[in-house]
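Sequential numbering of the sequence shown, starting at 1, is according to full-length UniProt numbering.
The C-beta atom is built at its ideal place from N, Cα and C for all residues, glycine as well.
Small disclaimer: the values here were computed from a predicted structure and weren't measured.
First up is the structure itself, then whatever we jot down about it.
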Amino acid sequence: MNLMNAGRKALLALAVPVLLVAAWWLATAGAASFFWPPLSEILAAFADTWFSARFVTDVLPSLGRLLAGYLGAVVAGVALGTAVGSSRTLRGLLEPVLEFFRAIPSPVLVPILMLFAGIGDGMKILVIVSGCVWPVLLNTVEGVRALDEVLSDTARSYRMRRRSRLVHLVLRGAGPQIAAGARQALSIGIILMVISEMFAASNGLGFTIIQFQRSFAIPQMWSGIILLGLVGIALSMAFRAVEARLLRWYTGLRTAQREG
């Protein structure tokens with residue numbers, strides 16, 4: 001029964017992508033448009049373009065900057081969000097400021113960050129951090145604020161050490177909302193990775209796609225866009241695997257509540 005359910009879920013997950021690819025293939029078959037080449041031509045360009053040294057010189061640096069910026073944003077967001085969510089005074093002081101900075105679009109900060117951090121990898125990582133930190137931060141604040149007061153009082157009554165209370169009560173209790181913020185931050189990080197590489201860059205996916213567009217290498221440009229989509233899918237699947245492992249207690253509790 002479980003095998004049948006897993007097979008059904010897999011078919012449902014693959015149905016829409018397969019239909020979209022088939023529709024794209026049929027719609028562009030024999031197309032004469034320079035800017036909308038046939039999918040077969042794009043796929044041929046994909047293999048020639050990315051299954052080469054370009055994978056090392058452009059794809060891997062992009063993924064490295066994305067990973068560094070994303071992990072930095074998660075660590076900073078969880079740390080600051082835990083502090084703000086745990087202190088009513090700190091929350092009252094910082095929430096207006098946080099709301100102000102959250103409303104500033106991260107791409108607008110690129111010229112400012114270039115002035116202070118230059119045009120190297122540091123600037124690109126800072127751009128990713130500046131956009132990814134807010135979903136993690138705000139979800140962490142709400143998760144910490146929503147902790148059961150009875151559990152907090154019980155932890156204090158049993159005189160749990162501050163570190164144990166932080167790890168086993170605060171972070172574990174706020175874990176589902178932290179994961180929700182981290183999931184949102186991942187998609188934002190991919191977007192900002194591309195945007196940051198469009199400014200004064202010499203490698204990376206965003207830089208390469210723009211170079212293809214400017215040189216009218218249209219099939220190669222479309223192949224880069226497809227690669228970005230595949231990268232997003234792979235990272236999303238990896239995130240779900242890590243999330244399922246870390247939040248097994250939460251999914252088990254939700255399952256038990258539904259069945260009960």
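Pairing residue 189 with residue 151, the inter-Cα distance amounts to about 35 Å. DSSP places residue 92 in the helix class (H, G or I) of the three-state scheme.
By the criterion of a C-beta distance shorter than 8 Å, residue 37 is surrounded in its chain by 28, 31, 218, 219, 222, once the five residues flanking it on both sides are discounted. Cβ atoms of residue 160 and residue 62 stay farther apart than 8 Å, at about 43 Å. In the displayed model, residue 104 falls within coil according to three-state DSSP, outside both helix and strand. Residues 106, 109 of the same chain have their beta carbon placed closer than 7 Å to that of residue 130, with the five preceding and five following residues left out of the count. Scanning its chain for C-beta atoms nearer than 8 Å, with the 5 sequence neighbours on each side dropped, one finds around residue 113 the residues 123, 126, 127, 130, in chain order. Apart from the 5 residues on each side of it in sequence, residue 177 sits with its Cβ closer than 8 Å to the Cβ of 139, 140, 142, 143, 146 in its chain, given in chain order. Here the alpha carbons of residue 157 and residue 65 stand approximately 45 Å from one another. Excluding five sequence positions before and after residue 132, the CB atoms of its chain that fall closer than 6 Å to its own CB belong to 70, 73, 185, 188, 189, given in chain order. Boundaries of the alpha helix (DSSP H) harbouring residue 139: 121–145, taken from the DSSP string. By the Cβ criterion, the region 74–84 is not in contact with the region 242–251, since fewer than three pairs of Cβ atoms, one from each stretch, lie closer than 8 Å. Burial is judged here by how many other beta carbons sit within 10 angstroms of a residue's own beta carbon; residue 174 has at least 16 and is buried. Within a 10 Å sphere around the beta-carbon of residue 204 sit 16 or more other beta-carbons, which makes this residue buried.
Residue state for residue 160 is assigned as coil, using DSSP reduced to three classes.
Across the structure, residue 255 and residue 168 are spaced so that their CA atoms are roughly 21 Å apart. The Cβ-Cβ distance between residue 46 and residue 226 falls below 8 Å. Residue 25 sits close to residue 39, with the two beta carbons spaced by under 8 Å. Assigned with DSSP and collapsed to three states, residue 116 falls in helix. Under the criterion of beta carbons closer than 8 Å, residue 155 and residue 163 do not qualify as touching, at roughly 12 Å. One thing to note: residue 77 has its Cβ no nearer than 8 Å to the Cβ of residue 170.
Given a length threshold of 4 residues, each whole run of the alpha helix (DSSP H) inside the region 6–92 is given here in chain order: 39–50, 60–86. The alpha helix (DSSP H) runs lying completely inside the region 200–226 and spanning 4 residues or more are 205–214, given in chain order. Here DSSP, grouped into helix, strand and coil, assigns residue 246 to helix. DSSP, reduced to helix, strand and coil, places residue 174 outside both helices and strands of the structure shown, so it counts as coil.
Taking the Cβ atoms as the reference, residue 88 lies roughly 21 Å from residue 134, outside the contact range of under 8 Å.
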